[in-house]
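Before any comments, here is the structure.
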Amino acid sequence: MTKKERYRFVLDWFQKHMPVAETELHYSNPYELLVAVILSAQCTDKRINMVTPALFERYPVPELLAKASFEDVEPYIRSVTFANNKTRHLIGMADMLVNKFHGVVPDTIEELVDLPGVGRKTANVIISVVYAKPGMAVDTHVFRVSARIGLTVKATTPLQTEQQLVANMPQELLAIAHHWLILHGRYICVAHRPKCEECGLKEVCKYYNSDMKYIVDPAYTRK
Ligand code: SF4
Numbered sequence: 001m002t003k004k005e006r007y008r009f010v011l012d013w014f015q016k017h018m019p020v021a022e023t024e025l026h027y028s029n030p031y032e033l034l035v036a037v038i039l040s041a042q043c044t045d046k047r048i049n050m051v052t053p054a055l056f057e058r059y060p061v062p063e064l065l066a067k068a069s070f071e072d073v074e075p076y077i078r079s080v081t082f083a084n085n086k087t088r089h090l091i092g093m094a095d096m097l098v099n100k101f102h103g104v105v106p107d108t109i110e111e112l113v114d115l116p117g118v119g120r121k122t123a124n125v126i127i128s129v130v131y132a133k134p135g136m137a138v139d140t141h142v143f144r145v146s147a148r149i150g151l152t153v154k155a156t157t158p159l160q161t162e163q164q165l166v167a168n169m170p171q172e173l174l175a176i177a178h179h180w181l182i183l184h185g186r187y188i189c190v191a192h193r194p195k196c197e198e199c200g201l202k203e204v205c206k207y208y209n210s211d212m213k214y215i216v217d218p219a220y221t222r223k
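Take the sequence shown: its position 23, counting from 1, is numbered 23 in UniProt numbering, and each next residue is one higher.
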């Protein structure tokens, strides 16, 4: 099977079986999504959705968050991973948003990664979800699932994964493909013991069709 055929199969399968795929984070405007994505690093969306309603109610606009102190904000996100760092990032991000970008969430990767707490993955989420621009945000799920299926080859960094996916997918599918791969990784192609027998991609999946699974998951038995 060629790389092109593998991509075609995977994209067709997701289009058919997951026509709607969106972020599971709750938000109502670009500022809230930016806050939620910063908070979600190495934490679950479920946890973030538990803390953001009160946070957004107290700080509905970046101008208010920018003026807040560490002691004001930290209690709202105390149950989130790395709460101390994220508190500083949120306040710093809001401050720069107000003072450098007039309170408007920027629409380019270059400007977004200037903001405290915003890396390339977060920036790609914002440009694709908020601004409908082509962008592939690579998190741990996208990285793992792409490698297992064989969409990426020898990618050792998120940037390499991003570059290979962007090079091989139609631009208009990048944003939804990001969600497809995340959701597939979250519920089917999980890190430990992927649910291969339930997976509609096993026909083309390099991992499934190799002996690797016996090493990674000795409990697995081929049917
Ligand atoms: S067949 Fe298994 S390893 Fe391959 S994508 Fe599906 S769940 Fe993941």
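Where a beta carbon is used, it is the ideal one built from N, C-alpha and C, also for glycine. Just so it is clear, the structure is predicted and the values come from calculations on it, not from any experiment.
| Item | Value |
| --- | --- |
| Between the CA atoms of L34 and M96 - distance to the nearest angstrom | 13 Å |
| Whole-angstrom distance between Q171 and Q15, CA atom to CA atom | 15 Å |
| K202 CB to nearest heavy atom of the ligand SF4 below 7 Å | yes |
| Whole-angstrom distance between L159 and Y27, CA atom to CA atom | 27 Å |
| Span of the alpha helix (DSSP H) around A36 | 30 to 40 |
| Contacting residues, own chain, Cβ-Cβ under 6 Å from P30 (five flanking each side not counted) | V105, V130 |
| Under the three-state DSSP convention, the category L151 falls into | coil |
| Cβ-Cβ distance between G178 and A147 below 8 Å | Note that residue 178 is His in the sequence shown here, rather than Gly. Not closer than 8 Å, so no. |
| Close Cβ partners of K121 (< 7 Å) along its chain, the five nearest in sequence each way excluded | A137, V138, D139, P158 |
| The ligand SF4 heavy atom lying under 7 Å from the CB of V145 | yes |
| Chain-order list of residues whose beta-carbon lies under 6 Å from that of P218 (same chain, five-residue window excluded) | Bear in mind that a pLDDT of 40 at P218, under 50, signals an unreliable position, so the number given afterwards is only what the model happens to contain. Excluding residues within five positions, none has a Cβ falling inside 6 Å. |
| K195 CB to nearest heavy atom of the ligand SF4 below 7 Å | yes |
| Beta-carbon proximity of I91 to A66, cut-off 8 Å | yes |
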